[in-house]
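Q:
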Amino acid sequence: MKPSPRIMMFTWEFPPRIIGGISPHVYNLSKELAENGAEVYVITCDFPGAPAHEKVDDVEVFRVDSYKNPAPDFASWVYLMNMNMQKEAASIIRDLGGVDILHAHDWLVAAATIGLKHVFRKPLIATIHSTEVGRRGGIYSDYERMIHETEAWLTYEAWRVICCSNYMLIHVREFFNLPADKMVMIPNGVNTGEYDMYLKENLREFRNKFASSEEKIVLFVGRLVYEKGAQVLIRAAPKILEKVNARIIIVGNGYMKEQLLALAESMGVAHKVTFTGFLDEESLKKLQVCADVAVVPSLYEPFGIVALEAMAAKSPVVVSDTGGLSEIVEHDVTGVKIRPNDPESLAWGVTRILLDNGYADWIRENAYRKVKEAYNWSRIAQQTKEIYIKVLEEYSRTFWA
Amino acid sequence: MRIIIFSWEYPPRIVGRLAYYVSELATKLANSGLKMHVVTYHDSLIGDFEEASGVKVHRVTNPVKTHINLLTWTITLNQEIERITANIYYRENGQIDLIDVHEWQFIPAAVTIKRAFEIPFIYSIESIEDHRSGGANNPMNIAIKSIEQLGVLEADIIIVKSEWMKNEVKTIYGVSTGKIKVANLEERNGLKAILDVYRSLKGEGTQK
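Chains as they are written, first to last, in the working numbering: chain R, 1 to 401; chain P, 1 to 208.
1. Three-state secondary structure (DSSP) at P/L71?
2. Under the DSSP definition of a beta bridge, which residues are partnered with R/L219?
3. Whose C-alpha, out of R/V317, R/E39, R/I234 and R/A104, is nearest the C-alpha of R/N341?
4. Along the chain, where does the beta strand (DSSP E) that runs through R/V319 open and close?
5. Do you know whose CA, among R/V350, R/R204 and R/Y143, lies nearest R/P238's CA?
6. Name the residue from R/N69, R/L108 and R/V59 whose alpha carbon lies nearest to the alpha carbon of R/N82.
7. Can you list, in chain order, the residues of its chain whose CB lies under 7 Å from that of P/E204, leaving out five sequence neighbours each side?
8. Following the continuous beta strand (DSSP E) through P/R59, name the residue where it begins and the one where it ends.
9. Where DSSP assigns a beta bridge to P/Y123, which residues make up the other side?
10. Residues of chain R with CB closer than 8 Å to the CB of P/L71, please, in chain order.
11. How big is the Cα-Cα spacing for R/A104 and R/E301?
12. Residues of chain R with CB under 9 Å from P/R83, in chain order?
13. When the Cα atoms are used, what is the spatial distance from P/T206 to P/D196?
14. Name, please, each residue of chain R whose Cβ falls closer than 8 Å to the Cβ of P/P108.
15. Among R/E215, R/L219, R/G137 and R/M8, which residue has its Cα nearest to the Cα of R/R94?
16. So P/A136 contacts chain R; which residues on that side make the cut at Cβ distance below 9 Å?
17. Does R/G37 pass the burial test, meaning 16 or more other C-beta atoms within 10 Å, or should it be called exposed?
18. What number of angstroms, rounded off, separates the C-alpha of R/S326 from the C-alpha of P/H42?
19. Answer with yes or no whether the minimum CB distance from P/S146 to chain R is below 9 Å.
20. Kindly identify the DSSP beta-bridge partner or partners of R/C45.
21. Mapping the DSSP letters down to three states, classify P/G135 as helix, strand or coil.
22. Let me know the alpha helix (DSSP H) ranges lying completely inside the region 330-397 of chain R, each 4 residues or longer, listed in chain order.
23. Any Cβ of chain P within less than 9 Å of the Cβ of R/M1?
24. Within the 9 Å Cβ cut-off, does R/I19 reach chain P?
25. Can you check which of these residues, R/V293, R/K314, R/A294 and R/Q231, is closest to R/E265 by C-alpha distance?
26. Tell me whether the beta-carbon of P/A276 lies closer than 9 Å to the beta-carbon of P/Q149.
27. Express the C-alpha separation of P/I172 and P/H131 in angstroms, rounding to a whole number.
28. In three-state terms, what does DSSP make of P/A209?
29. Does the distance from the C-beta atom of R/Y41 to that of R/R63 stay below 9 Å?
30. Flag P/H67 as yes if its beta-carbon sits less than 9 Å from any beta-carbon of chain R, otherwise no.
31. Strictly by DSSP, which residues pair up with R/A126?
32. What residue range is occupied by the uninterrupted alpha helix (DSSP H) comprising P/E186?
33. Taking beta-carbon pairs under 7 Å, can you tell me which members of the region 163-177 of chain P lie near chain R?
34. For R/V371, count neighbouring Cβ atoms within 10 angstroms of its own Cβ and tell me buried if that reaches 16, exposed if not.
35. Could you name the residues of the same chain whose beta carbon sits closer than 7 Å to that of P/K157, not counting the 5 residues immediately before and after it, in chain order?
36. Anything in chain P within Cβ reach of R/A111, meaning under 7 Å, just list it in chain order.
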């Protein structure tokens, strides 16, 4: 067994190219793996201004020329990009003298990695961050079915399938009919260090831009789409304001924005609700630190990274008891769980925290400790490395080795 | 010499003339003493293997059944072409002399295999997208052209069937004529011309 396995990560986004959650995930995981003694190579799409080849925190990053011509549609672009990514990766692997493990993140790199697996005869590991079924709430067109079948193909070809919550693991196992022993749950992580500096800083002036000193800040962060549940928070606002002087701050954009503004108006709480739109990273982190309570009222949530961020920012959390959120939060210990899609329940959870400082502090400290212990990237990288070692050990007994 | 031919049609799956042409070529090459493999597609014969007239035929099906266009269909299928080719490569201890790719469909697999194993490939052109598309230049046509362009660039040699096509490929894809050979099985001495191209790539002169 090699003490430092050579891992090649495949992802369609890597900083500075940031589209969704995969980019920071692969960045943090790769960095920590490299610090844990793995040799890590990242193959990703090119990005204006970013070098084609560079070393980032001991991780060797290759940005390949993705498909630049107009593509018929997004999925076709993905496949064409895979074609380009694969041929570049084939040269890189040959030049490196081989790698030990190929690690794919989502269907977006399925075709490239599956071919390489067979060509180089190396084990393929897949992390499934989300599924087409979950994103669309079902499969309704050939376009969606093709992506769904590509996801199935990737999980079939993978030696192990990693999911970031038990909720996702069960979902993926059932939709793709996978054997249980092929699947592993390794949570997503949050870097508490990114919040620690703001926790020490005096943020009074920053806070005053959003709320008066008499107002408690109730914070929602997320896309303004139905499944994220901002509407539930606005419906709960009158009940919250009956008991506490609060300012409800809604960060994010989405197709529901107009609807939510109108809802706040009709509930008679518009003067107490602030829509900030999209915030830059620093302001967002500071606001998360300033919040007296962070609400995650999602109706559907595969993982729920925003709850972890709030916990790292030492803001007490109120979350829907659903999906990945159910696993992250322990009720009355690291947060308050409420019934999904129930404004009454949400108002109860929020006021419970805002009216009892002792309780809020207890939740705050427990949650912070939990995040540091269970959701830190170093631990996640360690768990991932253990999977690599195990897979390599199994692999060494096959005729491919 | 051990040769692998890639073709997206091969009997019993017949789309156009290519199926007959490739099967006749493979059979004649096998009769000339070459060790011939054909890697091809079939709708339903998964992992089918057949040895007939000295030609080993490997058939794969598409691992993804639902598709939105020819491109997505082609690219997922290429991964299976790579899988079977790699299996042949490892079984034969890397003793593959060259890959002869007919038309553009399996160019992506040939490029990956070339880069991974340093096996040269020939791009055998029957027709090109510029002619087939009748002047249309929508994203689908552009994508197919870009794959043809990739094939023209990465191939060690291009085989066309006429001087006219040689000129077309040269003009449209900006490739030097030295790289393009004219050889057509259906013409006199066609087989010998193709064998000569194979041997030139192998660097063996004219006899082995």
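Beta carbons are placed, not taken as given, at the ideal position from N, Cα and C, and that holds for glycine.
A: In brief:
1. One-based indexing of the second sequence puts residue 71 of chain P at position 71. P/L71: helix per DSSP, three-state reduction.
2. Numbered from 1 along the first sequence, position 219 holds the residue referred to as residue 219 of chain R. Residue pairing from DSSP places R/L219 in a beta bridge opposite R/I249 and R/A294.
3. For the purposes of this step, residue 341 of chain R is taken as residue 341 along the first sequence, with counting starting at 1. Looking at the Cα atoms, R/I234 is the closest of the given residues.
4. By one-based count along the first sequence, residue 319 of chain R stands at place 319. Unbroken beta strand (DSSP E) run through R/V319: V317 to S320.
5. Stepping through the first sequence from its first residue, residue 238 of chain R is reached at position 238. Across the set R/V350, R/R204 and R/Y143, the C-alpha of R/V350 shows the shortest separation from the C-alpha of R/P238.
6. Here residue 82 of chain R refers to the residue found at position 82 when the first sequence is read from its first residue. Answer by Cα proximity: R/L108.
7. As a working mapping, residue 204 of chain P is identified with position 204 in the second sequence. A caution first: P/E204 carries a pLDDT of 49, below 50, which makes its placement in the model unreliable, though a value can still be read off. So no residue of the chain qualifies.
8. Along the second sequence, one-based indexing puts residue 59 of chain P at 59. Residues V55 to V60.
9. Locating residue 123 of chain P in the second sequence gives position 123, counting from the first residue. P/Y123 pairs with P/V101 and P/I158.
10. For the purposes of this step, residue 71 of chain P is taken as residue 71 along the second sequence, with counting starting at 1. Near P/L71 (Cβ distances below 8 Å), the residues of chain R are P72, S76, Y79 and L80.
11. Residue 104 of chain R sits at position 104 when you count from the first residue of the first sequence. Residue 301 of chain R sits at position 301 when you count from the first residue of the first sequence. Roughly 22 Å between the two C-alpha positions.
12. Here residue 83 of chain P corresponds to residue number 83 of the second sequence, with the count starting at 1. Going along chain R in sequence order, the residues near P/R83 (Cβ under 9 Å) are I114, G115, K117, H118 and V119.
13. Position 206 of the second sequence holds residue 206 of chain P. Position 196 of the second sequence holds residue 196 of chain P. Confidence at P/T206 is low in this model, with a pLDDT of 43, below 50, so the placement of that residue should be treated as unreliable; the coordinate-derived value is given next. Straight-line Cα distance between these residues: approximately 6 Å.
14. Residue mapping note: residue 108 of chain P aligns to position 108 of the second sequence, counting from 1. Under the 8 Å cutoff, chain R gives M83, Q86 and K87.
15. In the first sequence, counting from the first residue as 1, residue 94 of chain R sits at position 94. For the options R/E215, R/L219, R/G137 and R/M8, the alpha carbon positioned closest to that of R/R94 is the one of R/M8.
16. Within the second sequence, residue 136 of chain P is the residue found at index 136, counting from 1. For P/A136, there are no neighbours in chain R by C-beta distance under 9 Å, as the nearest C-beta there is about 13 Å away.
17. Numbered from its first residue, the first sequence carries residue 37 of chain R at position 37. The residue in question, R/G37, is exposed, as its Cβ has fewer than 16 Cβ neighbours within 10 Å.
18. Counted from its first residue, the first sequence places residue 326 of chain R at position 326. Counted from its first residue, the second sequence places residue 42 of chain P at position 42. So the two alpha carbons sit approximately 47 Å from each other.
19. Within the second sequence, numbered from 1, the residue matching residue 146 of chain P stands at position 146. Closer than 9 Å to some Cβ of chain R, the Cβ of P/S146 qualifies, so yes.
20. What you label residue 45 of chain R is simply residue 45 of the first sequence in a count that begins at 1. Paired residues: R/V64.
21. As a first step, residue 135 of chain P must be located in the second sequence, where it is residue number 135. In this structure, P/G135 counts as coil in the three-state DSSP scheme.
22. If we require 4 residues or more, the alpha helix (DSSP H) runs fully inside the region 330-397 of chain R come out as 343-354, 357-374 and 377-395.
23. Numbered from 1 along the first sequence, position 1 holds the residue referred to as residue 1 of chain R. Because the pLDDT of R/M1 is 46, which lies under 50, any placement of that residue in the model is unreliable, and the question is left without a value.
24. Here residue 19 of chain R is taken as the residue at index 19 of the first sequence, counted from 1. No, R/I19 lies away from the interface with chain P (no Cβ there is under 9 Å from its Cβ).
25. The residue labelled residue 265 of chain R in the question sits at position 265 within the first sequence. Ranking R/V293, R/K314, R/A294 and R/Q231 by Cα distance to R/E265 puts R/Q231 first.
26. The question about residue 276 of chain P has no answer here: the residues shown for chain P are numbered 1 through 208.
27. If you number the second sequence from 1, residue 131 of chain P lands on position 131. If you number the second sequence from 1, residue 172 of chain P lands on position 172. So the alpha carbons of these two residues sit roughly 10 Å apart.
28. In the structure displayed, chain P extends from 1 to 208; residue 209 of chain P sits before or after that span and is not available.
29. For the purposes of this step, residue 41 of chain R is identified with residue 41 of the first sequence, where counting begins at 1. For the purposes of this step, residue 63 of chain R is identified with residue 63 of the first sequence, where counting begins at 1. Against a cut-off of 9 Å, the Cβ pair of R/R63 and R/Y41 comes out as no contact.
30. Taking the second sequence and counting its residues from 1, one reaches residue 67 of chain P at position 67. Chain R, which has a Cβ nearer than 9 Å to the Cβ of P/H67, makes this yes.
31. The residue you call residue 126 of chain R lines up with position 126 of the first sequence. Beta-bridge pairing links R/A126 to R/A104 and R/V161.
32. Counting from one through the second sequence, the residue named residue 186 of chain P turns up at place 186. Unbroken run through P/E186: none, as it is neither H nor E.
33. none
34. For the purposes of this step, residue 371 of chain R is taken as residue 371 along the first sequence, with counting starting at 1. Buried: at least 16 other Cβ atoms inside 10 Å.
35. Here residue 157 of chain P is taken as the residue at index 157 of the second sequence, counted from 1. At residue 157 of chain P the sequence reads Ile, which differs from the Lys that was named. For P/I157, where only same-chain residues beyond five positions count, the Cβ hits under 7 Å are I122, K179, K181, V197 and L201.
36. In the first sequence, the residue the question calls residue 111 of chain R occupies position 111. The answer, in chain order, is I75, T76 and Q79.
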